[in-house]
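Quick note, the sequence shown lines up with residues 15 to 253 if you use the working numbering. The C-beta atom is built at its ideal place from N, Cα and C for all residues, glycine as well. Notes for the one structure printed next.
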Amino acid sequence: MEKREQLYEGKAKKVYRTSEPGFFWLEYKDDATAFNGAKKAEITGKGALNNQISAIFLSLLKQKGIENHFVKTVSDTEQIVREVTIVPLEVVTRNIAAGSLAKRLGWEEGTPLSKPIVEWYYKNDELGDPILNDDHVAVLNIAVREELNHIKEISLRVNDVLKEYLAGRKVILVDFKLEFGKTPEGQLILADEISPDTCRFWDANTMEKLDKDRFRRDLGNVEEAYREILRRLGGQENV
Ligand code: TMP
Ligand code: ASP
């Protein structure tokens with residue numbers, strides 16, 4: 015399979031066409047942004063770390079029967095994925111109050127939730143990704159009720175799989191963001207990435223943050239935290 019022209023450039027990845035219909039070529043970048051792009055930096059090695067971490071998570075989910083776009087890794091920073099059209103929703107699942115939920119409810123960060131919360135945000139940079147309810151999603155024609163139910167069910171299954179897997183590696187899964195896409199045949203599958211850019215990971219012993227909050231909140235050692243996650247997942251550390 016060959017890499018062809020660039021189709022799209024996002025804040026953290028580029029998407030290319032390939033020589034084979036039905037497949038895209040993803041390139042993970044070192045660029046980091048926060049607060050809807052207001053804060054920017056380059057974190058050397060982030061692209062390679064997220065490429066590998068995301069491949070590990072998406073392969074695990076596939077093994078557990080959760081269909082997703084990941085096909086194979088082709089270089090340090092690149093992977094082949096199935097062609098999908100991304101549904102413009104950021105689907106956030108939370109186990110512990112943190113970030114925007116802690117702020118909205120006035121709860122202390124670290125407060126456990128009595129059950130996981132799944133939230134929808136409109137993937138729209140101009141609007142700053144506003145939170146949506148089911149009716150907004152329907153009126154905006156983003157997804158029909160059955161699709162939304164499916165997305166919620168898959169998100170909760172992903173939560174169960176990742177929470178247990180990470181607990182065995184002494185990492186607490188606080189919350190995470192997923193995206194879904196439609197294949198050319200119309201199948202709705204999990205897509206995008208699962209990495210320290212899109213999840214909150216806390217060390218189970220020290221509660222140290224091992225994710226992008228280190229960048230958002232200027233805590234330092236961002237790359238080291240991502241590398242620690244890869245090490246706990248048993249990935250190759252020479253990236
Ligand atoms: P939040 O608490 O800021 O709403 O973030 C919830 C989760 O979603 C957290 O794990 C980080 C992730 N996230 C993204 O992946 N992209 C984003 O643009 C935002 C705001 C959060
Ligand atoms: N995706 C957000 C941004 O672009 C960042 C975040 O994860 O907070 O700037």
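Using a 10 Å radius around the Cβ and a threshold of 16 neighbouring Cβ atoms, would you call residue i buried or exposed?
{"i": "Asn174", "result": "Per the sequence shown, the amino acid found at residue 174 is Asp instead of Asn. Classification of Asp174: exposed, given that the 10 Å Cβ count is below 16."}
{"i": "Glu193", "result": "buried"}
{"i": "Val153", "result": "exposed"}
{"i": "Ser209", "result": "buried"}
{"i": "Phe38", "result": "buried"}
{"i": "Thr12", "result": "The question about residue 12 has no answer, for the chain in this structure spans 15 to 253."}
{"i": "Asp206", "result": "buried"}
So the candidates are the options; which of them puts its Cα closest to the Cα of residue i?
{"i": "Glu34", "options": "Val95, Asp206 and Gly61", "result": "Val95"}
{"i": "Thr220", "options": "Asp206, Gln250, Leu202 and Val185", "result": "Val185"}
{"i": "Arg241", "options": "Ile131, Phe215, Gly142 and Ser114", "result": "Phe215"}
{"i": "Asn137", "options": "Val151, Ser73 and Glu122", "result": "Checking the displayed sequence, the identity of residue 137 turns out to be Lys instead of Asn. Of the listed residues, the one whose Cα sits closest to Lys137 is Val151."}
{"i": "Gly228", "options": "Ile57, Gly24, Arg246 and Arg18", "result": "Reading off the sequence, residue 228 comes out as Arg, not Gly. Selected option, being the one with the closest Cα: Ile57."}
{"i": "Glu237", "options": "Arg31, Lys17, Glu41 and Ala55", "result": "Ala55"}
Going by the beta-carbon positions, is the gap between residue i and residue j smaller than 8 Å?
{"i": "Thr212", "j": "Lys196", "result": "no"}
{"i": "Gly59", "j": "Asp45", "result": "no"}
{"i": "Ile80", "j": "Ile168", "result": "yes"}
{"i": "Thr91", "j": "Ala111", "result": "no"}
{"i": "Leu204", "j": "His164", "result": "no"}
{"i": "Lys25", "j": "Gly61", "result": "no"}
{"i": "Leu224", "j": "Asn109", "result": "no"}
Under three-state DSSP, which class holds residue i?
{"i": "Arg183", "result": "coil"}
{"i": "Lys117", "result": "helix"}
{"i": "Leu224", "result": "coil"}
{"i": "Asp139", "result": "helix"}
{"i": "Asp90", "result": "coil"}
{"i": "Leu247", "result": "coil"}
{"i": "Ala112", "result": "coil"}
{"i": "Gly195", "result": "strand"}
{"i": "Ser128", "result": "strand"}
Can residue i be considered in contact with the ligand ASP, in the sense that its beta carbon sits closer than 7 Å to one or more heavy atoms?
{"i": "Lys25", "result": "yes"}
{"i": "Asn50", "result": "yes"}
{"i": "Lys226", "result": "yes"}
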